[in-house]
Ligand code: PPE
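Numbering (my numbering), first residue to last: 24 to 331.
Structure representation (structure tokens):
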């Protein structure tokens, strides 16, 4: 995936140069994973750069912080403006945006409440996330031998730094064994999600995705796909899904801000359908990119212009 550094990072209200955005090695977050973050994309549109579903991402950031008792020292409106300014200041046509709220340096020890809360916003160029050929042929995934974090251990709905140590175990297993990505099942044995993506399965013209209680992040691309499916008249349901549903699916795809809509070519080396991206995946991808790139009407008010 092509990664292009930004120039300025917003750090507690000021812009600092990329190479100067540093924290102490004894910051709480470094030792205990005590941070929450977002991943957002801005796209090039015919009328200028626009940020996709900015309000929903900011809201989820505040939800994640609330779950972890972190008081963000800015209002949602202030942070929203800061995100727009950071994109503008770095001058990208399209980019990935990473707001991060984290506990900083005070004293170590598990009591998190004493550490100061800091906020940064970074942006960078990020191309295709999962594999160079993801758009064309799709990715090969494996069902991980690790389980997804369970609901009463670490809350999956909070997009917290520490959650991703679980994702890393699965992703490393997949990559070392020659797959592009892993799919997690929950401790109940039912399908959950990818390491950084939500999961969709298509069979007989209906779209299925695990429900919120299946240890998933409440993905904004997931919600976008469900909404587009409704708009296109494709039936879509959220429900518990057994693992073997993947093997008999007509189509499987992953969704995420970074991954966008990525077709899955095989699961555990079993081909999905005939191994080509299916018609529903292709329709959803086309509709998704038409909206984010400003080629279709923004009927759900999902785009925030950066330069207005
Ligand atoms: N599940 C997980 C665990 C997850 O991390 C993401 C986003 C999603 C689902 C999809 O959510 P949404 O982006 O709202 O549609 N993963 C982010 C982090 C990727 C990374 O490598 O860092 C992302 O896609 O921005």
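Glycine included, C-beta positions come from ideal geometry on N, C-alpha and C.
Practice task
Mind checking which residues open and close the beta strand (DSSP E) that includes residue 89?
Solution key: From DSSP, residue 89 is part of no beta strand (DSSP E) but of the alpha helix (DSSP H) over 77 to 90.
Handout entry: Sufficient close CB pairs (3 or more, under 8 Å) joining the segment 188 to 195 to the segment 147 to 156
Key = Contact fails between the segment 188 to 195 and the segment 147 to 156, because fewer than three Cβ pairs, one in each stretch, are under 8 Å apart.
Exercise for the section: Answer yes or no: do residue 262 and residue 234 have a C-beta to C-beta separation smaller than 9 Å? Expected result: Cβ atoms of residue 262 and residue 234: closer than 9 Å.
Practice task
Report whether the distance from the Cβ of residue 89 to the nearest heavy atom of the ligand PPE is below 8 Å.
Solution key: The answer is no for residue 89.
Problem - Length at least 3, wholly inside the segment 112 to 188: the beta strand (DSSP E) runs in chain order - result: Runs of the beta strand (DSSP E) lying entirely within the segment 112 to 188 and spanning at least 3 residues, in chain order: 118 to 126, 140 to 149 and 162 to 170.
Exercise for the section: Determine which residues share a DSSP beta bridge with residue 302 and list them. Expected result: In the DSSP secondary-structure assignment, residue 302 is not bridged to any residue.
Exercise for the section: With residue 40 as the anchor, note down where its beta strand (DSSP E) starts and where it stops. Expected result: Counting along the chain, the beta strand (DSSP E) containing residue 40 begins and ends at 37 to 40.
Exercise for the section: Quickly, what does DSSP pair residue 279 with across the bridge? List them, please. Expected result: Answer is 283.
Practice task
Select from 79, 94 and 177 the residue whose C-alpha is nearest the C-alpha of residue 141.
Solution key: Ranking 79, 94 and 177 by Cα distance to residue 141 puts 94 first.
Practice task
Indicate, with yes or no, if the ligand ADP has a heavy atom lying under 8 Å from the CB of residue 210.
Solution key: In the structure on display, the ligand ADP does not appear, and the ligands it does have are the ligand PPE.
Practice task
Check whether the Cβ of residue 97 sits closer than 8 Å to any heavy atom of the ligand PPE, and report yes or no.
Solution key: Residue 97 has its Cβ no nearer than 8 Å to any heavy atom of the ligand PPE.
Exercise for the section: Mind reading off the beta-carbon distance from residue 120 to residue 106? Whole number of angstroms is fine, and I expect it under 8 Å. Expected result: The C-beta distance from residue 120 to residue 106 rounds to 6 Å, short enough to fall under 8 Å.
Problem - Enclosing beta strand (DSSP E) for residue 231 [first to last residue] - result: Residue 231 -> beta strand (DSSP E) spans 229 to 232.
Handout entry: Distance, residue 267 Cα to residue 115 Cα
Key = Each residue's Cα considered, the two are about 43 Å apart.
Handout entry: Beta-bridge pairing of residue 205 - partner residues as DSSP gives them
Key = Residue 205 pairs with 165.
Practice task
For the beta strand (DSSP E) containing residue 215, list its first residue and its last residue.
Solution key: 214 to 217 is the extent of the beta strand (DSSP E) around residue 215.
Exercise for the section: Taking residue 57 as the reference, give the member of 136, 241 and 103 with the closest Cα. Expected result: It is 136 whose Cα lies nearest to the Cα of residue 57.
Problem - Proximity to residue 108 [Cα-Cα], best of 177, 165, 38 and 124 - result: By alpha-carbon distance to residue 108, the top candidate from 177, 165, 38 and 124 is 38.
Exercise for the section: Verify whether the separation of the beta carbon atoms of residue 219 and residue 187 is less than 9 Å. Expected result: Yes; because the gap between Cβ atoms is below 9 Å, this pair is in contact.
Problem - Distance cut-off 8 Å: residue 175 Cβ against heavy atoms of the ligand PPE - result: Because no heavy atom of the ligand PPE lies under 8 Å away, the Cβ of residue 175 does not count as near it: no.
Problem - Inter-residue spacing [alpha-carbon to alpha-carbon] between residue 145 and residue 311 - result: For residue 145 and residue 311, the distance between alpha carbons rounds to 25 Å.
Exercise for the section: Work out the CA separation of residue 88 and residue 248 for me, nearest whole Å. Expected result: The alpha-carbon separation between residue 248 and residue 88 amounts to approximately 26 Å.
Practice task
Measure the alpha-carbon distance for residue 320 versus residue 252 and round it to whole angstroms.
Solution key: Taking the straight line joining both Cα atoms gives about 16 Å.
Exercise for the section: Tell me whether residue 103 is buried or exposed, calling it buried when 16 or more other Cβ atoms sit within 10 Å of its Cβ. Expected result: Counting Cβ neighbours within 10 Å, residue 103 comes out buried, since at least 16 surround it.
Practice task
With hydrogens ignored, establish whether the beta-carbon of residue 182 is closer than 8 Å to any heavy atom of the ligand PPE.
Solution key: Relative to the ligand PPE, the nearest heavy atom lies less than 8 Å away from the CB of residue 182.
Practice task
Look at residue 318 and residue 70 and say whether their C-beta atoms are less than 9 Å apart.
Solution key: For residue 318 and residue 70, no; Cβs fall outside 9 Å.
Problem - Whether residue 206 touches residue 229 by CB criterion (9 Å) - result: Going by C-beta atoms, residue 206 is not nearer than 9 Å to residue 229.
Exercise for the section: Determine the DSSP secondary structure at residue 292, reduced to helix, strand or coil. Expected result: Note: residue 292 maps to coil in three-state DSSP.
Handout entry: Between the CA atoms of residue 76 and residue 65 - distance to the nearest angstrom
Key = If you take the alpha carbons of residue 65 and residue 76, they lie about 9 Å apart.
Practice task
Buried or exposed for residue 163, please, with buried defined as at least 16 other CB atoms from any protein chain shown within 10 angstroms of its CB.
Solution key: Classification of residue 163: buried, given that the 10 Å Cβ count is 16 or more.
Handout entry: C-alpha gap between residue 198 and residue 300, whole angstroms
Key = Rounded to whole angstroms, residue 198 to residue 300 spans 22 Å at the Cα level.
Problem - Through-space distance from residue 41 to residue 183, alpha-carbon basis - result: Taking the straight line joining both Cα atoms gives about 23 Å.
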